[in-house]
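**Student:** Below are the structure tokens for one structure; questions will follow.
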Amino acid sequence: MCGIAGLAGEESENESARRAVLRMASSLRHRGPDDGGIWQRADTPVVLAHRRLSIIDLSPEGAQPMASASGRYVIAYNGEIYNFPALRAELEASGAAFRGHSDTEVLLAALERWGIHETLERCNGMFAFALWDKAERRLHFARDRFGKKPLYVGWAGKQLLFASELKAFHAHGGFSAAIDRRTLALYMRYGYVPAPYAIYENVWQLLPASLLTVEPDRLVPGTDLAPFMHPYWFLPDIVARAKEHPPKAHDADVVSEFENLLRETVHDRMVADVPVGAFLSGGIDSSIITALMQQESAFPVKTYSIGFHEAGYDEASHAASVARHLQTDHHELYVGPQEAMAVIPHLAEIYDEPFADASQIPTYLVARFARQSVTVALSGDGGDEMLGGYLRHFLVPRLWSRVGWMPQAVRTGLGGMLRSLPQEKWDRVAAKYPQFGRRLHKFSELMACGGRDDVYSAQIEPWREAPMTEVMERPSLSLFDPAWKPPGLSFAEEMIYDDMLFYLPNDLMVKSDRASMAVSLETRAPLLDRRIAEYVWRLPERFKTGGDKRGKWLLRQVLARHLPADMFERPKQGFSVPLESWLSGPLQDWAHGLLDEAQLKNDGLLDPKTITGTWKAFCDGDKRHAGRLWTVLMFQSWLGRWHGSQNLLVKSA
Numbered sequence: 001m002c003g004i005a006g007l008a009g010e011e012s013e014n015e016s017a018r019r020a021v022l023r024m025a026s027s028l029r030h031r032g033p034d035d036g037g038i039w040q041r042a043d044t045p046v047v048l049a050h051r052r053l054s055i056i057d058l059s060p061e062g063a064q065p066m067a068s069a070s071g072r073y074v075i076a077y078n079g080e081i082y083n084f085p086a087l088r089a090e091l092e093a094s095g096a097a098f099r100g101h102s103d104t105e106v107l108l109a110a111l112e113r114w115g116i117h118e119t120l121e122r123c124n125g126m127f128a129f130a131l132w133d134k135a136e137r138r139l140h141f142a143r144d145r146f147g148k149k150p151l152y153v154g155w156a157g158k159q160l161l162f163a164s165e166l167k168a169f170h171a172h173g174g175f176s177a178a179i180d181r182r183t184l185a186l187y188m189r190y191g192y193v194p195a196p197y198a199i200y201e202n203v204w205q206l207l208p209a210s211l212l213t214v215e216p217d218r219l220v221p222g223t224d225l226a227p228f229m230h231p232y233w234f235l236p237d238i239v240a241r242a243k244e245h246p247p248k249a250h251d252a253d254v255v256s257e258f259e260n261l262l263r264e265t266v267h268d269r270m271v272a273d274v275p276v277g278a279f280l281s282g283g284i285d286s287s288i289i290t291a292l293m294q295q296e297s298a299f300p301v302k303t304y305s306i307g308f309h310e311a312g313y314d315e316a317s318h319a320a321s322v323a324r325h326l327q328t329d330h331h332e333l334y335v336g337p338q339e340a341m342a343v344i345p346h347l348a349e350i351y352d353e354p355f356a357d358a359s360q361i362p363t364y365l366v367a368r369f370a371r372q373s374v375t376v377a378l379s380g381d382g383g384d385e386m387l388g389g390y391l392r393h394f395l396v397p398r399l400w401s402r403v404g405w406m407p408q409a410v411r412t413g414l415g416g417m418l419r420s421l422p423q424e425k426w427d428r429v430a431a432k433y434p435q436f437g438r439r440l441h442k443f444s445e446l447m448a449c450g451g452r453d454d455v456y457s458a459q460i461e462p463w464r465e466a467p468m469t470e471v472m473e474r475p476s477l478s479l480f481d482p483a484w485k486p487p488g489l490s491f492a493e494e495m496i497y498d499d500m501l502f503y504l505p506n507d508l509m510v511k512s513d514r515a516s517m518a519v520s521l522e523t524r525a526p527l528l529d530r531r532i533a534e535y536v537w538r539l540p541e542r543f544k545t546g547g548d549k550r551g552k553w554l555l556r557q558v559l560a561r562h563l564p565a566d567m568f569e570r571p572k573q574g575f576s577v578p579l580e581s582w583l584s585g586p587l588q589d590w591a592h593g594l595l596d597e598a599q600l601k602n603d604g605l606l607d608p609k610t611i612t613g614t615w616k617a618f619c620d621g622d623k624r625h626a627g628r629l630w631t632v633l634m635f636q637s638w639l640g641r642w643h644g645s646q647n648l649l650v651k652s653a
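In the working numbering, the protein residues as written are 1 to 653.
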């Protein structure tokens, strides 16, 4: 895992460009602390830089930027190609020779043999790269299918910048960093910035599974680059084709096929020249990954979990039980509010674009804990999104089928009745279900929805209308274009599809990448493999939601072959923090400072009246506003770090 940076366009050959790119790369040292390199040539309008976290081929033969054998291609590459041994064997059979054994060298040989389009089709992994083609004088940018690895491109005057993180743009020196208010509106609605947009004007995130090609000699500064991103793996087509070929096997055979496929993806992700471990929360996804890892390993797998003392937010005891059963080398760390909240002042630096998924805190803590003894950690990321693990997948469709026929006004009234009882009282009524009150309040909001798309939006949006100082026209999110959606999907499948296209790359993958790379840890997600995705979309919905009010039927069946049912058959808990109680208690003064009405008015971006009114309602007992307020707080903290507003959090921490 690494960090990449560079620029293209005018004045790329001079010394100032070299110094600028070195500064950009230096800002990404956390992504690659082991080594660094830069590539610049006369009569070449491109500069490439790389920061290296050595995982495979620790020798200098794996250093980057790396040129292909013929010298035609030069690449700065971040990621892992998991099927590189098979690709290498095929290339060697056709006459290719290799100096070392890195996947980077195999990738370059594949490009020389097959070209960029066929190579992208053949590669299975997580990656983002910038590739200079000397013969055609073209610069290619590509990103993996699920958006695991980030890549930003944008303008700084007449130069095109590109990097793994936006902090590298700030290091350039000529970057204007003008906030894009339309993108800010998107952030406030979702709690993250969706690709292809970025928080700054004239900057874009490369879309997952896409390729962007530019000709530096013909670049027109300021050109909108989003329309030039083209998919090489198009999920609507993948889903449509998969639905045409459902499995003909019995259920037990499907479970075996899936288990064997998942075993292969776990095996592929255990290949490394450095220590490998696993995150183990005790939930279904991480438990099955750990179980399969342990079967593949001759030694106890190192596993890591984080625990909280607050009831309803701690899964460490479950993880410990799973670890004992699987006989892993388990490590757990319990943290109190003070240890967890000590992370908050660093979030704006780690996520150098506004980001407000509160599980970013435990994700960072467990990554930092694991990095003490391993360099690679496998995770269960992707299980919920692809196999129906969220309440919105298996509960909301049933609820909507019961109330969707009612007039909207009646539903709105019923929802208000549910919210009339505070979350804490609902928690006491249903004490055996963790976070019941918060979830019931969340579901009550869908009662006022107008249809399926509106129901999904209500589940994922903290703010239905962004609290901005001016009404902003929303940028087009083509992911939600009805023309893209394959026909014949159930309501649950529509939400799973939307999660894979939208929530997974823009929230989950951002959270995982930034938290782990901040401590120089590579995370790998066996469930997020193209083979898994293409297989599960062939399956009827019941293999995912199960019709049993629990979701993830297929994963449960596989896990039951490795663990006793009582170790994992329990209500879904999630991996988060007690945000409501923290904002009501130890974080209250900090939040009050960042939500200061005068400061909000001075910033001129968010509507002070709406936000301070929401904060007052929260303080008066309406805890369902915690997620909305966290979105504002993370933006205000980010604004202070990168744009000089008073950063009250750092001063109070």
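Backbone N, C-alpha and C define an ideal beta-carbon position, used for all residues, glycine too.
Using the Cα positions of Gln-646 and Gly-640, report the straight-line distance between them to the nearest angstrom.
**Tutor:** Residue numbering aside, residue 646 sits at position 646 when the sequence shown is read from its first letter. Residue numbering aside, residue 640 sits at position 640 when the sequence shown is read from its first letter. Residue placement at Gln-646 is poorly supported in this model, since its pLDDT is 44, which falls under 50; the coordinates are not used for a value here.
**Student:** Can you tell me which of the three DSSP states Thr-227 falls into?
**Tutor:** Residue 227 sits at position 227 when you count from the first residue of the sequence shown. The sequence given here has Pro at residue 227, not Thr. In the structure shown, Pro-227 sits in a helix (DSSP, three-state: H, G or I).
**Student:** Determine the extent of the alpha helix (DSSP H) in which Asp-384 is found, giving its start and end residues.
**Tutor:** For the purposes of this step, residue 384 is taken as the residue at position 384 of the sequence shown. Residues 383 to 387.
**Student:** Between which two residues does the beta strand (DSSP E) carrying Trp-155 extend?
**Tutor:** Here residue 155 refers to the residue found at position 155 when the sequence shown is read from its first residue. 152 to 156 is the extent of the beta strand (DSSP E) around Trp-155.
**Student:** Would you tell me roughly how many angstroms separate the C-alpha atoms of Met-341 and Phe-443, rounded to the nearest one?
**Tutor:** Sequence index remark: in the sequence shown, residue 341 carries index 341 (1-based). Sequence index remark: in the sequence shown, residue 443 carries index 443 (1-based). Looking at the two C-alpha atoms, the distance is approximately 28 Å.
**Student:** Could you tell me which whole beta strand (DSSP E) segments of length 3 or greater appear in the region 141 to 200?
**Tutor:** With a minimum length of 3 residues, the continuous beta strand (DSSP E) runs that stay inside the region 141 to 200 are 152 to 156, 159 to 163.
**Student:** Does the beta-carbon distance from Pro-362 to Ile-306 come in below 8 Å?
**Tutor:** As a first step, residue 362 is located in the sequence shown; it is residue number 362 there, counting from the start. As a first step, residue 306 is located in the sequence shown; it is residue number 306 there, counting from the start. Yes, the Cβ-Cβ distance between Pro-362 and Ile-306 is below 8 Å.
**Student:** Quick one: using the 10 Å Cβ neighbour count with 16 as the cut-off for buried, is Asp-405 buried or exposed?
**Tutor:** Here residue 405 refers to the residue found at position 405 when the sequence shown is read from its first residue. With the sequence shown as reference, residue 405 is identified as Trp, and Asp is not the correct amino acid for it. It counts as exposed.
**Student:** Quick check: the region 131 to 142 against the region 61 to 76, are there 3 or more CB pairs under 8 Å?
**Tutor:** Segments in contact, yes.
**Student:** Using the DSSP secondary-structure output, state which residues sit across from Ile-306 in a beta bridge.
**Tutor:** Position 306 of the sequence shown, counting from 1, holds the residue named residue 306. Bridge partners of Ile-306: Leu-333.
**Student:** Can you name the start and end residues of the beta strand (DSSP E) that Val-276 belongs to?
**Tutor:** Taking the first residue of the sequence shown as 1, we reach residue 276 at position 276. First-last of the beta strand (DSSP E) with Val-276: 276 to 279.
**Student:** Kindly indicate the opening and closing residues of the alpha helix (DSSP H) around Ser-256.
**Tutor:** Mapped onto the sequence shown, residue 256 falls at position 256. First-last of the alpha helix (DSSP H) with Ser-256: 251 to 269.
**Student:** Tell me which same chain residues have a C-beta within less than 6 Å of the C-beta of Trp-553, skipping the five on either side of it?
**Tutor:** Position 553 of the sequence shown, counted from the first residue, corresponds to residue 553. Excluding positions up to five away in sequence, the list reads Phe-543, Gly-546.
**Student:** Spell out a yes or no on whether the region 94 to 102 and the region 146 to 159 are touching, meaning 3 or more CB-CB pairs, one atom from each, closer than 8 Å.
**Tutor:** At 8 Å Cβ cutoff, the stretches do not touch.
**Student:** Who pairs with Trp-132 in a beta bridge, going by DSSP?
**Tutor:** On the sequence shown, residue 132 is found 132 positions in, with the first residue counted as 1. In DSSP, Trp-132 forms a bridge with Val-74, Leu-139.
**Student:** Could you pull out every unbroken beta strand (DSSP E) segment of at least 3 residues lying fully inside the region 365 to 411, listed in chain order?
**Tutor:** With a minimum length of 3 residues, the continuous beta strand (DSSP E) runs that stay inside the region 365 to 411 are 376 to 378.
**Student:** For Leu-211, which residues from the same chain have a beta carbon less than 6 Å from its beta carbon, with the 5 sequence-adjacent residues on both sides left out?
**Tutor:** For the purposes of this step, residue 211 is taken as residue 211 along the sequence shown, with counting starting at 1. Excluding positions up to five away in sequence, the list reads Ala-142, His-230, Tyr-232.
**Student:** Can you give the beta carbon distance from Tyr-351 to Arg-514, rounded, assuming they're within the 8 Å contact cut?
**Tutor:** Counted from its first residue, the sequence shown places residue 351 at position 351. Counted from its first residue, the sequence shown places residue 514 at position 514. Yes, Tyr-351 and Arg-514 are in contact; Cβ-Cβ is about 5 Å, under 8 Å.
**Student:** Inspect the beta-carbon positions of Ala-177 and Ser-27 and report whether they are closer than 8 Å.
**Tutor:** The residue labelled residue 177 in the question sits at position 177 within the sequence shown. The residue labelled residue 27 in the question sits at position 27 within the sequence shown. No, the Cβ-Cβ distance between Ala-177 and Ser-27 is not below 8 Å.
**Student:** By the three-class DSSP mapping on this structure, what secondary structure does Thr-328 have?
**Tutor:** Working through the sequence shown from its first residue, we reach residue 328 at position 328. Correct three-state label for Thr-328: coil.
**Student:** On the DSSP bridge assignment, give the partners of Ser-26 in chain order.
**Tutor:** Translated into positions along the sequence shown, residue 26 becomes position 26. Its beta-bridge partners do not exist; DSSP assigns none.
**Student:** Which value, in whole angstroms, describes the spacing of the CA atoms of Asp-507 and Tyr-192?
**Tutor:** Here residue 507 refers to the residue found at position 507 when the sequence shown is read from its first residue. Here residue 192 refers to the residue found at position 192 when the sequence shown is read from its first residue. When rounded, the distance between both Cα atoms is 6 Å.
**Student:** Measuring only the C-alpha atoms, how far is Leu-695 from Gln-459?
**Tutor:** Missing from the structure shown is residue 695; the chain here goes from 1 to 653 and no further.
**Student:** Suppose the cutoff is 8 Å on Cβ atoms and the five residues either side in sequence are ignored; what does the same chain contact list for Gln-338 look like?
**Tutor:** Taking the first residue of the sequence shown as 1, we reach residue 338 at position 338. These residues qualify, in order along the chain: Pro-586.
**Student:** Can you give me the C-alpha to C-alpha distance between Leu-108 and Ala-128, rounded to a whole angstrom?
**Tutor:** Looking up residue 108 in the sequence shown gives position 108. Looking up residue 128 in the sequence shown gives position 128. Those two C-alpha atoms are separated by around 14 Å.
**Student:** Under the assumption that Pro-45 contacts Gly-9 (Cβ atoms under 8 Å), give the Cβ distance between them as a whole number of angstroms.
**Tutor:** Taking the first residue of the sequence shown as position 1, residue 45 is located at position 45. Taking the first residue of the sequence shown as position 1, residue 9 is located at position 9. Right, the Cβ-Cβ distance comes to about 6 Å (below 8 Å), so this counts as a contact.
**Student:** From which residue to which residue does the alpha helix (DSSP H) around Ala-591 run?
**Tutor:** Residue 591 sits at position 591 when you count from the first residue of the sequence shown. Here the alpha helix (DSSP H) through Ala-591 covers 588 to 594.
**Student:** Considering only the beta carbon of each residue, do Leu-206 and Val-153 sit closer than 8 Å?
**Tutor:** Taking the first residue of the sequence shown as position 1, residue 206 is located at position 206. Taking the first residue of the sequence shown as position 1, residue 153 is located at position 153. Yes.
**Student:** Could you give the DSSP three-state label for Ala-653: helix, strand or coil?
**Tutor:** To locate residue 653, count along the sequence shown from 1; it is residue 653. For Ala-653, the predicted model reports a pLDDT of 29, less than 50, meaning its position is unreliable; a value from the coordinates is still stated below. The answer is coil: DSSP assigns Ala-653 none of H, G, I, E or B.
**Student:** Looking at the strands, I want to know which residues DSSP matches up with Phe-127.
**Tutor:** Reading the sequence shown from its first residue, position 127 is the one you call residue 127. DSSP lists Gly-79 as partners of Phe-127.
**Student:** DSSP three-state label for Ser-210, please.
**Tutor:** For the purposes of this step, residue 210 is taken as the residue at position 210 of the sequence shown. In this structure, Ser-210 counts as strand in the three-state DSSP scheme.
**Student:** Looking only at its own chain, which residues have a Cβ that is under 6 Å from the Cβ of Asp-329, when we skip the five neighbours before and after it?
**Tutor:** Counting from one through the sequence shown, the residue named residue 329 turns up at place 329. The residues are Pro-300, Lys-302.
**Student:** Along the alpha helix (DSSP H) that carries Asp-427, what are the first and last residues, could you check?
**Tutor:** Taking the first residue of the sequence shown as position 1, residue 427 is located at position 427. Element bounds for Asp-427: 423 to 429.
**Student:** Between Ala-356 and Thr-610, which are expected to be in contact by the criterion C-beta below 8 Å, what is the C-beta distance as a whole number of angstroms?
**Tutor:** Locating residue 356 in the sequence shown gives position 356, counting from the first residue. Locating residue 610 in the sequence shown gives position 610, counting from the first residue. Not really, about 16 Å apart at Cβ, beyond 8 Å.
**Student:** Would you identify the three-state DSSP class for Pro-236, choosing helix, strand or coil?
**Tutor:** Here residue 236 is taken as the residue at index 236 of the sequence shown, counted from 1. Looking at Pro-236 - three-state DSSP - the assignment turns out to be helix.
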